[in-house]
Amino acid sequence: MWGARDGRLLTESKGLRSGISTGTCAAAAAKAAVMLLTGRLVGKQVDVKLPGGWIVNVPVVHADMTEEQAITLVRKDAGDDPDETHGLLIGARVCFEKSGLKIVGGSGVGQVTRPGLAVNPGEPAINPVPLRMIRSSVAEITDKGLLIEIFVPNGEKVAYRTMNQRLGIVGGISILGTSGIVRPFSVEAIQETIALNLNMVAHSDSIRVVLVPGRIGFRAALGMGFHESAIVEVSNEWDFALNKCMEHAFEELNIIGHPGKLLKFLKGQYQTHSRSGSAVPVFIQGARDCLGVNMQELNTVEQGLIDLKQKQRFKLGNYFAHKLEKCIMTRTESRFRIKVYLINLQGEVFGSTH
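Position 162, counted from 1, in the sequence shown is what the working numbering calls 162; the numbers after and before it change by one each time, with no gaps.
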């Protein structure tokens with residue numbers, strides 16, 4: 001169940017507080033500004049209808065009116081999600097136009113410069129769902145012509161802490177959201193980011209893509225000479241990422257990661273969260289088969305790597321890399337050339353397929 005109160009949403013099953021997206025904030029600010037412009041703003045909050053039908057109450061922290069325009073601000077509340085945009089002010093500046101409804105990006109809203117996103121190059125980074133939310137929210141108030149400018153104070157500064165620079169979005173943050181809700185640590189958000197990044201790689205005409213679990217793998221990939229634009233972080237969502245790769249015309253698929261994650265593939269597990277089980281049994285079996293070494297008392301794969309001598313470590317790393325290559329080749333129906341690189345927690349390569 002979802003509950004709405006003062007723009008804050010609770011996910012009862014997790015006990016974590018959810019929040020509202022930048023798209024919901026933009027729609028709330030735009031609606032409040034139009035209400036102010038038409039003399040209908042009463043109180044210090046506005047209701048916004050989310051795409052799923054829920055209505056949230058969003059506080060308005062600033063409202064100002066001149067002879068020609070109305071300006072309002074709302075504050076982004078991401079709940080318990082570690083969102084870089086949490087606490088940002090998101091504003092709308094609205095004035096009447098002769099006809100139609102025009103929505104533009106102002107200061108602090110990024111501009112798209114590359115193909116492959118939901119928004120075309122040259123346009124403000126306001127995604128389609130937030131645009132529809134803004135349109136429907138202001139349509140509740142008036143059918144008169146309007147010019148709506150969405151702006152974000154400090155948006156350009158905060159954007160450097162987001163993925164926008166890697167995506168080719170410059171000058172500010174993106175106005176995002178497909179549900180209007182920010183769910184803490186949600187798988188859906190991770191998968192949406194993976195799909196977006198793979199789409200960007202495909203539109204760059206790159207024939208190869210590099211999949212890594214996270215920042216250690218990302219830094220290792222850069223150290224190997226892979227271009228940043230070809231690297232996609234997939235967290236634990238390998239099954240989703242491989243399926244998405246198969247929707248594109250890549251020729252080469254590079255997999256870089258720690259065996260504590262990747263060896264789960266050999267058990268048929270492509271969701272590598274710790275709750276999916278441990279890779280330690282696979283590591284122990286591999287050490288026995290490849291090296292003739294019995295490693296029964298292991299808590300982690302990393303501990304096993306440390307306990308091995310360097311030559312043993314590299315021999316076992318190459319052994320596992322080739323097993324993973326065959327496994328991934330089968331999983332992806334031989335669509336790609338597969339290259340596998342195994343790294344330790346310091347990002348050092350100790351095994352590969354070539």
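The C-beta atom is built at its ideal place from N, Cα and C for all residues, glycine as well. This structure is a prediction, so every number in the text was calculated from the model and none was measured.
How many angstroms separate the CA atom of residue i from the CA atom of residue j?
i: residue 101; j: residue 95; result: 10 Å
i: residue 221; j: residue 231; result: 7 Å
i: residue 353; j: residue 104; result: 50 Å
i: residue 152; j: residue 84; result: 13 Å
i: residue 252; j: residue 196; result: 19 Å
i: residue 93; j: residue 139; result: 16 Å
i: residue 44; j: residue 146; result: 22 Å
i: residue 300; j: residue 273; result: 14 Å
i: residue 355; j: residue 238; result: Residue 355 is absent from the model: the chain starts at 1 and stops at 354.
i: residue 29; j: residue 244; result: 35 Å
i: residue 207; j: residue 263; result: 26 Å
i: residue 131; j: residue 23; result: 8 Å
i: residue 99; j: residue 144; result: 7 Å
i: residue 54; j: residue 181; result: 10 Å
i: residue 51; j: residue 118; result: 17 Å
i: residue 330; j: residue 241; result: 15 Å
i: residue 285; j: residue 313; result: 14 Å
i: residue 172; j: residue 109; result: 4 Å
i: residue 126; j: residue 38; result: 25 Å
i: residue 271; j: residue 193; result: 16 Å
i: residue 338; j: residue 198; result: 17 Å
If you drop the 5 nearest sequence neighbours on each side, which residues of the same chain put their C-beta closer than 6 Å to that of residue i?
i: residue 340; result: 255, 321, 324, 325 and 353
i: residue 302; result: 345
i: residue 16; result: 80 and 184
i: residue 235; result: 190
i: residue 128; result: 118
i: residue 261; result: 213 and 272
Helix, strand or coil, according to DSSP, for residue i in the structure here?
i: residue 197; result: helix
i: residue 281; result: helix
i: residue 65; result: strand
i: residue 127; result: coil
i: residue 13; result: Note on residue 13: pLDDT 40, under 50, position unreliable in the model; the coordinate value appears next. Three-state result, residue 13: coil.
i: residue 98; result: coil
i: residue 254; result: strand
i: residue 267; result: helix
i: residue 287; result: helix
i: residue 91; result: strand
i: residue 48; result: strand
i: residue 242; result: helix
i: residue 237; result: strand
i: residue 103; result: strand
i: residue 3; result: Bear in mind that a pLDDT of 39 at residue 3, under 50, signals an unreliable position, so the model cannot answer this.
i: residue 212; result: strand
i: residue 207; result: coil
Between the beta-carbon of residue i and the beta-carbon of residue j, is there less than 8 Å?
i: residue 213; j: residue 81; result: no
i: residue 122; j: residue 200; result: no
i: residue 247; j: residue 166; result: no
i: residue 27; j: residue 42; result: no
i: residue 176; j: residue 18; result: no
i: residue 141; j: residue 40; result: yes
i: residue 223; j: residue 79; result: no
i: residue 291; j: residue 317; result: no
i: residue 111; j: residue 169; result: yes
For the alpha helix (DSSP H) that residue i lies in, which residues bound it at each end?
i: residue 24; result: 22-37
i: residue 330; result: 310-331
i: residue 220; result: 215-223
i: residue 259; result: 259-262
i: residue 307; result: 301-307
i: residue 183; result: Element bounds for residue 183: n/a, residue is neither H nor E.
i: residue 167; result: 164-167
i: residue 158; result: 155-159
Kindly indicate the opening and closing residues of the beta strand (DSSP E) around residue i.
i: residue 115; result: Careful: residue 115 lies outside any beta strand (DSSP E) and carries neither H nor E.
i: residue 351; result: 349-352
i: residue 339; result: 337-343
i: residue 149; result: 146-151
i: residue 74; result: 70-75
Keeping to the same chain, check which residues put their C-beta closer than 7 Å to that of residue i; ignore five residues upstream and five downstream.
i: residue 335; result: 246
i: residue 106; result: 93, 149, 150 and 151
i: residue 204; result: 229
Among residues of its own chain, excluding the 5 on either side of residue i, which ones have a beta-carbon nearer than 8 Å to its beta-carbon?
i: residue 288; result: 294 and 295
i: residue 215; result: 233
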